[in-house]
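Enquirer: Numbering (my numbering), first residue to last: 110 to 243. Attaching a single structure in structure tokens format; questions to follow.
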């Protein structure tokens, strides 16, 4: 019953319009993201581009892509590289802190053993715990 009231071509056109709408939303998100991520635009420039895109959506996005679209890719690459660099630095700092912390704990345990505060068996037990946790 629904097939007779909604032909295949209409279903195809509906899917096409939905697809175009999704692409439009994605394009708006990308342009707004580029506007607010851009370091070479002042606050006024960002505000004017945003107002222009809100008031004249199709024309505003088209003009933005013509005027500033060539460097969108470069800004995305720079942002990705900065993010990756920050992540690598965080991992290196965390790994260094963890290994230093383990070494400090083992040095303290060895010092306690040498002073006679803990026995050799206790030292081995605690050493196994420290090494298992790292």
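Glycine is no exception: its CB is placed at the ideal position from the N, C-alpha and C atoms.
If you count every other CB in all the chains shown that lies within 10 Å of the CB of residue 173, and 16 or more means buried, which is it?
Expert: Looking at its Cβ environment, which holds 16 or more other Cβ atoms inside 10 Å, residue 173 is buried.
Enquirer: Please report how far the alpha carbon of residue 232 lies from the alpha carbon of residue 196, in whole angstroms.
Expert: 36 angstroms
Enquirer: Specify the secondary structure class of residue 165 as computed by DSSP and reduced to three states.
Expert: In the three-state scheme derived from DSSP, where H, G and I count as helix and E and B as strand, residue 165 is classed as coil.
Enquirer: Just to confirm before moving on: does the CB-CB distance between residue 188 and residue 222 stay below 8 angstroms?
Expert: no
Enquirer: Taking only runs of the alpha helix (DSSP H) that begin and end inside the stretch 180 to 232, which ones reach a length of at least 4 residues, in chain order?
Expert: For secondary structure counted as the alpha helix (DSSP H) over 4 or more consecutive residues, the stretch 180 to 232 holds these complete runs in sequence order: 181 to 224.
Enquirer: Which of the three DSSP states, helix, strand or coil, is assigned to residue 148?
Expert: DSSP places residue 148 outside both helix and strand once states are collapsed to three, so it counts as coil.
Enquirer: Kindly indicate which residue of 226, 218, 224 has the alpha-carbon position closest to the one of residue 235.
Expert: 218
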